[in-house]
Amino acid sequence: MALRELSSLEKYLRLKKPNKYITQGDKKVPVLQHNSGSPLVGLVTIACHLVKEAKRPELLGDSAESRAMVQQWLEYTVTKLNGYRKEDIKTILKDLNLYLQDKVYLAGNQFTLADPLMYFRIHPIILDLAVQEKEQYVNVTRWFDHIQHYPGVRHHLPPVVVLRNRIYPSTHH
Amino acid sequence: MNFTVSISNPPLVALLAAEHVKGSVQVSVAEGKETQFHVSDEIQFNDASSISRYLARMAPALGLYGANIMEQTEVDHWLEFSAQRLCCQPDLAVALGELDKVLSLRTYLVGHAITLADLSVWAALKSNKEWPSLGKSFSHVNRWFSFLSSQVPFIAVGNKYASNKL
């Protein structure tokens, strides 16, 4: 899964030549064998490296506060959204829904690396949701729909149909 | 093209449109008594939404008027909505309730990018005195409003022209 995410990220960043990755251990942790220096290990480490290589440092946040928020969500993506159990899904969606109530992007008003990485990871969960659940987690759905239409992000992933108007009476407000 | 802006009643939506298209359309903005937009000797516009419509059509590549006929119609809907529903005080809360419902599943009002719809609704709220106190009860409108307010063209216009600062 991580290799696919890194390849999508490379395409989003318009990196000219794709890197070669290997995986390590039974958790299939991605490893980037770098020409100059020691190998880079782990999804977030490699992703941050690719962002710097593409000269897009703003994707890691442009203030001390937003940099910390980006790191927080990158860590969330690899810890909470890695090998989660089915019964965790509701909690994940509930927390995320509450958090995104007053935000357009994960780090606030700016698109950062946290958004595409979270989008890649949460895609299978959102794909499985019923129409009514998508409306229940309305903030997650809105954020997800925005990111999947964000120029250059979606790539190999199938689009998720999102209704743009509410159809169920709002009982959870 | 010469654009004169009334200082006592600045046409925020037209100023925002001018700010958005300034890379592709040459407009010089001056301050004066009345809002006037000179296209040629024979043609001029005086009201904010005509001016912003004209500017949006002058720069079709920016997509400010939507990407297709459906979106154009939606943009027209929101231009009318902001002129009629967001200016008169009594039913502002009702209008905000409708807006809140629509914005729950959208980042921008029309399509997936910024359009005149966002500019005009933002401008109408920005100059509405009731909005700051009512804003807290409408979380989706509030999120959308502060998101736009953080974008460069909105900061530029807001700092320079809006009297109703938040």
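Protein chains in written order, with the numbering used here: chain Z, 385 to 557; chain H, 2 to 167.
Ideal placement from N, C-alpha and C gives every residue a C-beta, glycine not left out.
query: Considering only C-alpha positions, which residue in the set H/2, H/5, H/4 and H/16 is nearest to residue 161 of chain H?
result: Within the second sequence, numbered from 1, the residue matching residue 161 of chain H stands at position 160. It is H/16 whose Cα lies nearest to the Cα of residue 161 of chain H.
field: Exposure of residue 525 of chain Z, with buried meaning 16 or more beta-carbon neighbours within 10 Å
entry: Within the first sequence, residue 525 of chain Z is the residue found at index 141, counting from 1. A residue is called buried when at least 16 other Cβ atoms come within 10 angstroms of its Cβ; residue 525 of chain Z meets this threshold and is buried.
field: Inter-residue spacing [alpha-carbon to alpha-carbon] between residue 126 of chain H and residue 87 of chain H
entry: For the purposes of this step, residue 126 of chain H is taken as the residue at position 125 of the second sequence. For the purposes of this step, residue 87 of chain H is taken as the residue at position 86 of the second sequence. Just so you know, the alpha carbons of residue 126 of chain H and residue 87 of chain H end up roughly 7 Å apart.
- request: Using a Cβ-Cβ cut-off of less than 8 Å, list which residues of the region 102–131 of chain H approach chain Z; keep chain order.
  value: Taking 8 Å as the upper bound on Cβ-Cβ separation, chain Z lies near residues 102, 103, 105, 106, 107, 108 and 113 of the region 102–131 of chain H.
- prompt: Of the residues H/82, H/62 and H/115, which one's Cα is nearest the Cα of residue 50 of chain H?
  reply: On the second sequence, residue 50 of chain H is found 49 positions in, with the first residue counted as 1. The residue with the shortest Cα to Cα distance from residue 50 of chain H is H/82.
- prompt: Do the region 87–102 of chain H and the region 52–64 of chain H meet, that is, are 3 or more Cβ pairs less than 8 Å apart?
  reply: No, the region 87–102 of chain H does not touch the region 52–64 of chain H.
Within chain Z, the residues that residue 160 of chain H reaches when beta carbons sit closer than 7 Å: To locate residue 160 of chain H, count along the second sequence from 1; it is residue 159. Ordered by position in chain Z, no residue passes the 7 Å Cβ test against residue 160 of chain H, which lies about 17 Å from the chain.
Contacts around residue 408 of chain Z, its chain only, beta-carbon distance under 6 Å, and the 5 residues preceding and following it disregarded: Position 24 of the first sequence, counted from the first residue, corresponds to residue 408 of chain Z. Answer for residue 408 of chain Z: 415, listed in chain order.
query: Which first and last residues belong to the alpha helix (DSSP H) in which residue 131 of chain H is found?
result: Locating residue 131 of chain H in the second sequence gives position 130, counting from the first residue. For residue 131 of chain H, no alpha helix (DSSP H) run applies, since DSSP gives it neither H nor E.
- prompt: Measuring CB to CB, does residue 394 of chain Z end up less than 8 Å from residue 501 of chain Z?
  reply: Mapped onto the first sequence, residue 394 of chain Z falls at position 10. Mapped onto the first sequence, residue 501 of chain Z falls at position 117. Cβ atoms of residue 394 of chain Z and residue 501 of chain Z: not closer than 8 Å.
task: Would you mind stating whether residue 111 of chain H and residue 67 of chain H have Cβ atoms separated by less than 8 Å?
output: For the purposes of this step, residue 111 of chain H is taken as residue 110 along the second sequence, with counting starting at 1. For the purposes of this step, residue 67 of chain H is taken as residue 66 along the second sequence, with counting starting at 1. Less than 8 Å separates the beta-carbon of residue 111 of chain H from that of residue 67 of chain H.
Proximity to residue 156 of chain H [Cα-Cα], best of H/134, H/137, H/132 and H/123: What you label residue 156 of chain H is simply residue 155 of the second sequence in a count that begins at 1. When only C-alpha atoms are compared, the closest one is H/123.
query: What whole-angstrom Cβ distance do residue 496 of chain Z and residue 445 of chain Z have, given they're in contact under 8 Å?
result: As a working mapping, residue 496 of chain Z is identified with position 112 in the first sequence. As a working mapping, residue 445 of chain Z is identified with position 61 in the first sequence. About 6 Å separates the two Cβ atoms, so the contact holds.
query: Excluding five sequence neighbours on each side, which residues of the same chain lie with their C-beta closer than 7 Å to the C-beta of residue 468 of chain Z?
result: Mapped onto the first sequence, residue 468 of chain Z falls at position 84. Excluding positions up to five away in sequence, the list reads 476.
message: Contact defined as beta carbons within less than 8 Å: I believe residue 438 of chain Z pairs with residue 399 of chain Z. What is the distance between those atoms, to the nearest angstrom?
response: The residue given as residue 438 of chain Z occupies position 54 in the first sequence. The residue given as residue 399 of chain Z occupies position 15 in the first sequence. By a beta-carbon distance limit of 8 Å, residue 438 of chain Z contacts residue 399 of chain Z. Their separation comes to about 6 Å.
- request: List the endpoints of the continuous alpha helix (DSSP H) containing residue 408 of chain Z.
  value: In the first sequence, the residue the question calls residue 408 of chain Z occupies position 24. Membership of residue 408 of chain Z in any alpha helix (DSSP H) is not indicated; the residue belongs instead to the beta strand (DSSP E) covering 405–408.
- prompt: Does the region 482–496 of chain Z come close enough to the region 450–465 of chain Z to have 3 or more Cβ pairs within less than 8 Å?
  reply: Under the Cβ criterion (8 Å, minimum of three pairs), the region 482–496 of chain Z counts as touching the region 450–465 of chain Z.
field: Spatially closest choice to residue 480 of chain Z from Z/433, Z/537, Z/463 and Z/522, by CA coordinates
entry: Reading the first sequence from its first residue, position 96 is the one you call residue 480 of chain Z. Here the closest residue by C-alpha is Z/522.
task: Counting only runs of 3+ residues fully inside the region 443–511 of chain Z, write out the beta strand (DSSP E) ranges in chain order.
output: Runs of the beta strand (DSSP E) inside the region 443–511 of chain Z: none found.
Amino acids of chain Z, ordered along the chain, whose beta-carbon sits closer than 7 Å to that of residue 148 of chain H: The residue labelled residue 148 of chain H in the question sits at position 147 within the second sequence. The contacting residues are 488 and 493.
message: Would residue 526 of chain Z pass as an interface residue toward chain H - the criterion being a Cβ-Cβ separation below 8 Å?
response: Position 142 of the first sequence, counted from the start, is the residue given in the question as residue 526 of chain Z. It does: the Cβ of residue 526 of chain Z has a partner Cβ on chain H nearer than 8 Å.
query: Comparing the C-beta of residue 144 of chain H with each C-beta of chain Z, is any distance below 8 Å?
result: As a working mapping, residue 144 of chain H is identified with position 143 in the second sequence. At least one CB of chain Z lies nearer than 8 Å to the CB of residue 144 of chain H.
- request: Determine, using beta carbons only, whether residue 463 of chain Z and residue 505 of chain Z come nearer to each other than 8 Å.
  value: For the purposes of this step, residue 463 of chain Z is identified with residue 79 of the first sequence, where counting begins at 1. For the purposes of this step, residue 505 of chain Z is identified with residue 121 of the first sequence, where counting begins at 1. Not a contact, by the Cβ cut-off of 8 Å.
message: Just checking: is the beta-carbon of residue 558 of chain Z within a distance shorter than 8 Å of some beta-carbon in chain H?
response: There is no way to answer for residue 558 of chain Z, as the model of chain Z reaches only from 385 to 557.
task: Check the DSSP bridge columns for residue 4 of chain H and list the partner residues they point to.
output: Residue 4 of chain H sits at position 3 when you count from the first residue of the second sequence. Beta-bridge partners of residue 4 of chain H (DSSP): H/30 and H/38.
- prompt: Per DSSP, residue 45 of chain H is paired with what?
  reply: One-based indexing of the second sequence puts residue 45 of chain H at position 44. Secondary-structure assignment with DSSP links residue 45 of chain H through a beta bridge to H/39.
- prompt: What number of angstroms, rounded off, separates the C-alpha of residue 557 of chain Z from the C-alpha of residue 80 of chain H?
  reply: As a working note, residue 557 of chain Z is residue 173 in the first sequence. As a working note, residue 80 of chain H is residue 79 in the second sequence. Low confidence applies to residue 557 of chain Z: its pLDDT is 47, below 50, so where it sits in the model is not reliable enough to give any reading.
- prompt: Quick one: is residue 134 of chain H near chain Z, going by C-beta distance under 8 Å?
  reply: Mapped onto the second sequence, residue 134 of chain H falls at position 133. By the rule that beta-carbons nearer than 8 Å mark a contact, residue 134 of chain H does not touch chain Z.
query: Does residue 549 of chain Z come within less than 8 Å of chain H when only Cβ atoms are used?
result: The residue you call residue 549 of chain Z lines up with position 165 of the first sequence. With 8 Å as the cut-off, residue 549 of chain Z counts as an interface residue toward chain H.
Chain C contact for residue 138 of chain H (CB, 8 Å cutoff): No chain C appears in this structure, whose protein chains are Z and H.
Assigned exposure category for residue 100 of chain H - 16 Cβ within 10 Å defines buried: By one-based count along the second sequence, residue 100 of chain H stands at place 99. So residue 100 of chain H counts as buried.
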